[in-house]
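Quick notes on the structure that follows.
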(Lines of atoms letter the chains of each structure in order from A; the text may use other names.)
(Lines give C-alpha, C1' and ligand atoms only; values in the text may rest on other atoms or scores of the structure.)
Protein backbone atom coordinates (compact mmCIF):
# COMPACT_ATOMS: atom_id res chain seq x y z
CA UNK A 20 0.00 0.00 0.00
CA UNK A 21 1.45 3.39 -0.95
CA UNK A 22 1.07 6.43 1.26
CA UNK A 23 1.81 9.77 -0.32
CA UNK A 24 3.63 12.19 1.93
CA UNK A 25 2.82 14.87 -0.63
CA UNK A 26 -0.76 14.87 0.63
CA UNK A 27 0.24 15.91 4.13
CA UNK A 28 3.80 17.18 3.98
CA UNK A 29 5.79 19.63 1.92
CA UNK A 30 7.45 17.07 -0.34
CA UNK A 31 6.74 15.28 -3.58
CA UNK A 32 8.52 12.08 -2.59
CA UNK A 33 6.38 8.98 -2.17
CA UNK A 34 7.30 6.14 0.14
CA UNK A 35 5.89 2.65 0.49
CA UNK A 36 4.88 1.65 4.00
CA UNK A 37 5.17 -2.14 4.38
CA UNK A 38 2.35 -2.45 6.92
CA UNK A 39 -1.30 -3.37 6.80
CA UNK A 40 -3.62 -0.58 7.92
CA UNK A 41 -6.72 1.31 6.87
CA UNK A 42 -5.80 3.79 4.13
CA UNK A 43 -6.10 7.45 5.07
CA UNK A 44 -8.02 9.49 2.53
CA UNK A 45 -9.99 12.73 2.66
CA UNK A 46 -13.55 11.69 1.86
CA UNK A 47 -16.73 10.94 3.74
CA UNK A 48 -16.07 7.23 4.11
CA UNK A 49 -12.45 7.75 5.15
CA UNK A 50 -10.77 6.94 8.41
CA UNK A 51 -10.99 10.62 9.35
CA UNK A 52 -14.75 10.52 8.94
CA UNK A 53 -14.93 7.67 11.44
CA UNK A 54 -15.44 7.83 15.19
CA UNK A 55 -14.67 4.18 15.87
CA UNK A 56 -11.63 1.96 16.30
CA UNK A 57 -10.37 2.78 12.77
CA UNK A 58 -9.23 6.18 14.07
CA UNK A 59 -6.60 4.37 16.13
CA UNK A 60 -4.92 3.37 12.84
CA UNK A 61 -3.87 6.99 12.42
CA UNK A 62 -1.41 6.53 15.28
CA UNK A 63 0.20 3.65 13.35
CA UNK A 64 0.42 5.80 10.25
CA UNK A 65 1.97 8.69 12.20
CA UNK A 66 4.60 6.40 13.74
CA UNK A 67 5.53 5.01 10.33
CA UNK A 68 5.82 8.48 8.80
CA UNK A 69 7.99 9.67 11.72
CA UNK A 70 10.20 6.64 11.13
CA UNK A 71 10.51 7.49 7.43
CA UNK A 72 11.35 11.11 8.20
CA UNK A 73 14.07 9.93 10.58
CA UNK A 74 15.40 7.24 8.21
CA UNK A 75 15.66 9.65 5.29
CA UNK A 76 16.76 12.58 7.48
CA UNK A 77 13.97 14.71 6.03
CA UNK A 78 14.40 17.43 8.65
CA UNK A 79 12.67 20.04 6.48
CA UNK A 80 9.31 18.34 7.00
CA UNK A 81 9.51 17.86 10.78
CA UNK A 82 7.49 20.95 11.72
CA UNK A 83 4.83 20.26 9.10
CA UNK A 84 4.56 16.67 10.27
CA UNK A 85 4.39 17.72 13.93
CA UNK A 86 1.56 20.15 13.12
CA UNK A 87 -0.35 17.50 11.15
CA UNK A 88 0.04 14.98 13.96
CA UNK A 89 -1.14 17.48 16.60
CA UNK A 90 -4.14 18.39 14.42
CA UNK A 91 -4.89 14.70 14.05
CA UNK A 92 -4.61 14.14 17.81
CA UNK A 93 -7.15 16.93 18.36
CA UNK A 94 -9.52 15.37 15.85
CA UNK A 95 -9.12 11.84 17.20
CA UNK A 96 -9.34 12.72 20.88
CA UNK A 97 -12.36 14.99 20.46
CA UNK A 98 -14.31 12.63 18.16
CA UNK A 99 -13.46 9.00 18.86
CA UNK A 100 -16.12 6.87 20.54
CA UNK A 101 -15.83 6.76 24.33
CA UNK A 102 -15.11 3.01 24.15
CA UNK A 103 -11.80 3.77 22.42
CA UNK A 104 -10.85 7.02 24.17
CA UNK A 105 -8.50 5.45 26.73
CA UNK A 106 -6.64 3.58 23.97
CA UNK A 107 -6.43 6.79 21.94
CA UNK A 108 -5.04 8.71 24.92
CA UNK A 109 -2.40 6.02 25.46
CA UNK A 110 -1.39 6.22 21.80
CA UNK A 111 -1.37 10.03 21.84
CA UNK A 112 0.87 9.99 24.94
CA UNK A 113 3.29 7.66 23.18
CA UNK A 114 3.31 9.79 20.02
CA UNK A 115 3.73 13.02 22.00
CA UNK A 116 6.74 11.55 23.79
CA UNK A 117 8.26 10.41 20.48
CA UNK A 118 7.80 13.87 18.96
CA UNK A 119 9.45 15.53 21.96
CA UNK A 120 12.37 13.08 22.13
CA UNK A 121 13.07 13.46 18.41
CA UNK A 122 12.91 17.26 18.56
CA UNK A 123 9.73 17.82 16.56
CA UNK A 124 8.21 21.24 17.24
CA UNK A 125 4.68 22.24 16.28
CA UNK A 126 3.15 25.70 16.00
CA UNK A 127 1.92 27.15 19.29
CA UNK A 128 -1.76 27.22 18.37
CA UNK A 129 -4.43 27.01 21.06
CA UNK A 130 -5.49 23.54 19.90
CA UNK A 131 -1.91 22.22 19.76
CA UNK A 132 -1.13 23.57 23.22
CA UNK A 133 -4.38 22.25 24.71
CA UNK A 134 -4.01 18.76 23.29
CA UNK A 135 -0.31 18.59 24.22
CA UNK A 136 -1.02 19.64 27.79
CA UNK A 137 -3.91 17.20 28.11
CA UNK A 138 -1.95 14.17 26.86
CA UNK A 139 0.93 15.01 29.21
CA UNK A 140 -1.38 14.79 32.23
CA UNK A 141 -1.82 11.55 34.17
CA UNK A 142 -4.15 9.30 32.17
CA UNK A 143 -7.17 9.58 34.48
CA UNK A 144 -6.89 13.39 34.55
CA UNK A 145 -6.41 13.48 30.76
CA UNK A 146 -9.55 11.38 30.26
CA UNK A 147 -11.54 13.68 32.53
CA UNK A 148 -10.23 16.80 30.76
CA UNK A 149 -11.08 15.29 27.38
CA UNK A 150 -14.63 14.53 28.52
CA UNK A 151 -15.02 18.18 29.59
CA UNK A 152 -13.54 19.40 26.30
CA UNK A 153 -15.74 17.06 24.25
CA UNK A 154 -18.87 18.21 26.11
CA UNK A 155 -17.95 21.86 25.54
CA UNK A 156 -17.35 21.26 21.82
CA UNK A 157 -20.60 19.31 21.54
CA UNK A 158 -22.52 22.10 23.28
CA UNK A 159 -20.89 24.69 21.02
CA UNK A 160 -21.87 22.68 17.93
CA UNK A 161 -25.47 22.37 19.15
CA UNK A 162 -25.67 26.12 19.84
CA UNK A 163 -24.22 26.87 16.40
CA UNK A 164 -26.72 24.45 14.84
CA UNK A 165 -29.64 26.15 16.62
CA UNK A 166 -28.42 29.54 15.45
CA UNK A 167 -28.44 28.31 11.86
CA UNK A 168 -32.04 27.06 12.07
CA UNK A 169 -33.22 30.20 13.88
CA UNK A 170 -31.88 32.41 11.11
CA UNK A 171 -33.29 30.30 8.26
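Residue numbers (this note's numbering): 20 to 171.
Idealized CB from N, CA, C, for every residue including glycine.
Small disclaimer: the values here were computed from a predicted structure and weren't measured.
Less than 8 Å between the CB atoms is what I'm expecting for residue 111 and residue 127, so what's the real figure, rounded?
-> So it is not a contact: roughly 18 Å between Cβ atoms.
Going by CA-CA distance only, name the one from 163, 89, 58, 157 that's closest to residue 106.
-> 58
Assign residue 55 to one of three DSSP states: helix, strand, or coil.
-> coil
Return yes when the Cβ of residue 118 is within less than 8 Å of the Cβ of residue 137, no when it is not.
-> no
Residue 85 vs residue 125 beta-carbon contact at 8 Å = Pairing residue 85 with residue 125 gives a Cβ-Cβ distance under 8 Å.
Return the CA-CA distance between residue 113 and residue 63, expressed in angstroms with no decimal places.
-> Each residue's CA atom was taken as its position, placing residue 113 and residue 63 some 11 Å apart.
In three-state terms, what does DSSP make of residue 134?
-> helix
Buried or exposed (CB count within 10 angstroms, at least 16 for buried), residue 151 | The residue is exposed, with fewer than 16 neighbouring Cβ atoms inside 10 Å.
Would you check if the distance between the CB atom of residue 115 and the CB atom of residue 135 is smaller than 8 Å?
-> The answer is yes: Cβ separation under 8 Å.
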